[in-house]
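Take a look at the structure below.
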Amino acid sequence: MSGNREMVAPLLEISRLSVVLDKRHQRFKAVDDLSFRVFPGEILGLVGESGAGKSMTGSAILGLIEPPLSISSGEITFDGVRIDQDASSIRGSKISMIFQDPLVSLNPLRKIGDQLVEVIRTHINISKAEAFGRAKTLLAEVGIDPGRINAYPHTFSGGMRQRVVIALALAPEPALIIADEPTTALDVSVQAQILDLLKRLCRERGTSIILITHDMGVIAETTDRVAVLYAGRLAEIGKTSAVLKNPRHPYTKGLVAATPRIDANSFEKRLFQIPGAMPDLENIPKGCAFHPRCDFASTQCQKQQPPLFEDRSACWLSNEGSETS
Amino acid sequence: MSYVVARELTKYFDLSDPWVVRKITGRKKQILTAVDGVSFSIKKGETYALVGESGSGKSTIAQMVSGLLRPSMGSVLIDGHDFHNNNIDGSSLRNMRQRIQMVFQSPYASLNPRWKVGDIILEPIRSFQLIADRQEQQKRVAELLDQVGLSPRDINKYPHEFSGGQRQRISIARALASQPEIIICDEPTSALDVSVQAQVLNLLKELQHEFLLTYLFISHDLAVISTMANTIGVLKNGQLVEEARGPVLLKNPRHDYTKMLLSSAPDIGSIKT
Chain A
26 MSGNREMVAP LLEISRLSVV LDKRHQRFKA VDDLSFRVFP GEILGLVGES
76 GAGKSMTGSA ILGLIEPPLS ISSGEITFDG VRIDQDASSI RGSKISMIFQ
126 DPLVSLNPLR KIGDQLVEVI RTHINISKAE AFGRAKTLLA EVGIDPGRIN
176 AYPHTFSGGM RQRVVIALAL APEPALIIAD EPTTALDVSV QAQILDLLKR
226 LCRERGTSII LITHDMGVIA ETTDRVAVLY AGRLAEIGKT SAVLKNPRHP
276 YTKGLVAATP RIDANSFEKR LFQIPGAMPD LENIPKGCAF HPRCDFASTQ
326 CQKQQPPLFE DRSACWLSNE GSETS
Chain B
4 MSYVVARELT KYFDLSDPWV VRKITGRKKQ ILTAVDGVSF SIKKGETYAL
54 VGESGSGKST IAQMVSGLLR PSMGSVLIDG HDFHNNNIDG SSLRNMRQRI
104 QMVFQSPYAS LNPRWKVGDI ILEPIRSFQL IADRQEQQKR VAELLDQVGL
154 SPRDINKYPH EFSGGQRQRI SIARALASQP EIIICDEPTS ALDVSVQAQV
204 LNLLKELQHE FLLTYLFISH DLAVISTMAN TIGVLKNGQL VEEARGPVLL
254 KNPRHDYTKM LLSSAPDIGS IKT
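Order-wise, the sequence lines are chains A and B.
FYI, in the working numbering the residues of the first sequence are 26 to 350.
FYI, in the working numbering the residues of the second sequence are 4 to 276.
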């Protein structure tokens, strides 16, 4: 793509990753031949509807895939090291994770300070007192009064709890944070604060973030680049502004047009509808997985799975378009 | 012509400990004011949207307007009749209930998993004794399924055989079954994916035009609300802080809280470059 990208080595490289589900002597592909890279200090969005394989990709990176699911092929390289077979060396230390529901990710019976100290001391070899000091700094960094270090999770509001979870994720000083729907359970005003916090951390610490979400608005306002997933496959990837303003894949086009906008004219307009729904794992159509819902599908689309053209869009039509232009 | 009028709606919830516990511990009574003097009116065939964050009292208002919850103070007038009047007789109450239906947030929780789709949709028809004849009943259910974009063949299926969007269509068919004039939609699409959300929102708009339905639309999502609402009311801590016609409110928000909501809501229209 752009010239400077080639100069910088990617922090994370996923290459031709497939995750399969074994069920009654049959194999279904939950993630199918997925490739993308994450560069240092960038926020990459993974967007798609439920069942697109977003969270599965996140789990695969952290080596959290368990039977009946397994990685059947492909490589995941983090900082030059293969991690697809054994991710235990980086899980929670170099790469950490933020989950959707902050209530479930925190232990309700332990003070937040103790939980932070445990995470810090698991990954960094320092004394308890030092870890305590570090925990206080972390809380200050995510916008929580360090004086509350001995408080229990239930005494915090939803947004504050998610800040604690982010502090936990930051504790081992990871190079990459995977945030899986981090603001879906929160109110809009709190959501904006949490997203700003993530952006700030990314800028100040140079941490890369993979932001998994279904919300196109969050993608538009937070991410540098975005990967659109459909039925376990990469439909389109590119700079967020380019993908959302000039989507090339018909699915991305449909998704952008179907997303309601906060606009005085929205009331007059009819939302674009993509007919049908995403296929489930066991019934993914042949060829391009999107072709039964696509207005432009040709016979080629029904037969052959399209590759990613120009590092951007996995659609036969985007190939034709670029040849003629 | 206002069709639905809410006057000074107020709802208190008593969250106090039991009397004995209060006497022993010396704690005071705790009263939560969930909704505090909210007044609005909806014209026939229009959509009034209430927007607010969690705990703002949106759903409590929806329940009071639908008759599921009695207001502590204030009243709801539907076509001039007071819903919560103590003197209202049984038959007129039934008549009013038939005119107001609800579509709930979760299509997974709001449909009985043990009932067939046909029975789910038939329940309001039976309950209000609208159609006596069995065959006519089946015909009406098939017609309703067709109106919401499902196939009449789905009549004997169970809810689990449908996707989230299709389930929400079943909920809408059930709401339409009693031929209501008002439908209260409480976060009808927040459990759905974007492409399915668009289908359901479009369907709600089409049905509104076809049957001249009046909607009270509850949502936390300003983008959804701007596509649906003629008038928008902004709720904060149980109080209506601002109300205006949709485009006016979106262009010129007056209250600081509305401005804050508008600036913090993620919007695909505001792509950074």
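All C-beta atoms, glycine included, are put in the ideal place defined by N, C-alpha and C.
Note that the structure is predicted; figures quoted are calculated from it, not measured.
Please state the DSSP three-state secondary structure of residue i.
i, result
"B:G121", "helix"
"B:K142", "helix"
"B:G40", "strand"
"B:T276", "Below a pLDDT of 50, predicted positions are generally treated as unreliable, and B:T276, at 49, falls in that range; the measurement from the model is reported next regardless. Here B:T276 sits in coil by DSSP."
"A:V106", "strand"
"A:S27", "The predicted position of A:S27 is uncertain, since its pLDDT is 45 and thus under 50; a value taken from the coordinates is nonetheless stated next. DSSP places A:S27 in coil when its eight states are reduced to three."
"A:K294", "coil"
"A:E335", "coil"
"B:A176", "helix"
"A:D320", "coil"
"B:E126", "helix"
"B:L35", "strand"
"A:S343", "helix"
"A:V33", "coil"
"A:E348", "In this prediction, A:E348 scores a pLDDT of 42, lower than 50, which makes its location untrustworthy; the coordinate-derived value is nonetheless stated afterwards. DSSP places A:E348 in helix when its eight states are reduced to three."
"A:A154", "helix"
"A:S113", "coil"
"B:K84", "Position check: residue 84 of chain B holds His in this sequence, whereas Lys was assumed. Strand, per DSSP."
"A:I219", "helix"
"A:L134", "coil"
"A:L361", "Absent from the model: residue 361 of chain A. The displayed extent of chain A is 26 to 350, so no value can be given."
In the DSSP assignment, find the beta strand (DSSP E) that holds residue i and state where it starts and stops.
i, result
"B:V237", "T234 to K239"
"B:T13", "S5 to D17"
"A:K48", "L37 to K48"
"A:R122", "The displayed chain sequence assigns Met, not Arg, to residue 122 of chain A. Here the beta strand (DSSP E) through A:M122 covers I120 to I123."
"B:T217", "T217 to S222"
"B:L195", "Unbroken run through B:L195: none, as it is neither H nor E."
"B:Q242", "Q242 to R248"
"A:L71", "I68 to V72"
Just to confirm the assignment, what range does the alpha helix (DSSP H) spanning residue i have?
i, result
"A:V281", "P275 to A283"
"A:A55", "Per DSSP, A:A55 belongs to no alpha helix (DSSP H); it is in the beta strand (DSSP E), Q51 to V63."
"A:C326", "T324 to K328"
"A:V142", "I137 to H148"
"B:R73", "B:R73 -> no alpha helix (DSSP H), and no H or E assigned at all."
"B:M263", "D259 to S267"
"A:M303", "Neither: A:M303 is in no alpha helix (DSSP H) and is coded neither H nor E."
"A:G83", "K79 to I86"
"B:L278", "Since the displayed chain B opens at 4 and closes at 276, residue 278 of chain B lies outside it and no answer follows."
"B:L225", "L225 to M231"
"B:L53", "Careful: B:L53 lies outside any alpha helix (DSSP H), inside the beta strand (DSSP E) at T50 to V54."
"A:P127", "P127 to S130"
"B:V23", "W22 to T28"
Since I believe residue j is in contact with residue i (beta carbons under 8 angstroms), could you give me their beta-carbon distance rounded to a whole number of angstroms?
i, j, result
"B:V237", "B:H258", "7 angstroms"
"B:R172", "B:L206", "7 angstroms"
"B:S78", "B:H87", "6 angstroms"
"A:V33", "A:P65", "7 angstroms"
"B:L277", "B:V54", "This structure cannot speak to residue 277 of chain B, because chain B is shown only from 4 to 276."
"B:Q104", "B:S181", "6 angstroms"
"B:V120", "B:D157", "6 angstroms"
"A:L37", "A:R62", "7 angstroms"
"A:E272", "A:K278", "Reading off the sequence, residue 272 of chain A comes out as Pro, not Glu. That belief holds up - the Cβ atoms of A:P272 and A:K278 are roughly 4 angstroms apart, short of 8 angstroms."
"B:Q169", "B:G48", "Not confirmed; about 27 angstroms, so no contact."
"A:V268", "A:V243", "So it is not a contact: roughly 14 angstroms between Cβ atoms."
"A:L46", "A:L306", "6 angstroms"
"A:I39", "A:I101", "5 angstroms"
"A:T265", "A:G83", "Not quite, the Cβ-Cβ distance comes to about 19 angstroms (not below 8 angstroms), so this is no contact."
Chain-ordered residues of the segment 233-262 of chain B with a beta carbon less than 7 angstroms from chain A: G249, P250, L253 and K254
Near-chain B residues of the segment 203-214 of chain A - C-beta to any C-beta below 7 angstroms: D212, V213 and S214
Residues within the segment 73-94 of chain B neighbouring chain A, beta-carbon criterion of under 7 angstroms: None of the residues of the segment 73-94 of chain B has a beta carbon lying less than 7 angstroms from any beta carbon of chain A.
Whole runs of the alpha helix (DSSP H) within the segment 178-212 of chain A, excluding any shorter than 4 residues: 183-195
Chain B contacts made by the segment 239-264 of chain A, where a contact means CB separation under 7 angstroms: H239, D240, M241, G242, V243, A245 and E246
Whole runs of the alpha helix (DSSP H) within the segment 231-270 of chain A, excluding any shorter than 4 residues: Within the segment 231-270 of chain A, complete alpha helix (DSSP H) segments of at least 4 residues are found at 241-247 and 265-270, given in chain order.
The segment 262-274 of chain B: positions lying closer than 9 angstroms to chain A by Cβ: M263, L264, L265, S266, S267, A268, P269, D270, I271, G272, S273 and I274
Contacting positions in the segment 72-104 of chain A - beta carbon closer than 7 angstroms to chain B: Against chain B - using a Cβ distance shorter than 7 angstroms - the residues of the segment 72-104 of chain A are E74 and S75.
Residues within the segment 175-207 of chain A neighbouring chain B, beta-carbon criterion of under 9 angstroms: G183
Near-chain B residues of the segment 296-312 of chain A (beta-carbon distance less than 7 angstroms), N- to C-terminal order: L296, F297, Q298, I299 and A302
Against chain A: residues of the segment 216-230 of chain B by CB proximity under 9 angstroms: H223, D224, L225, A226, V227, I228, S229 and T230
Contacting positions in the segment 284-296 of chain A - beta carbon closer than 8 angstroms to chain B: T284, P285, R286, I287, D288, A289, N290, S291, F292, K294, R295 and L296
The segment 169-200 of chain B: positions lying closer than 7 angstroms to chain A by Cβ: D196, V197, S198 and V199
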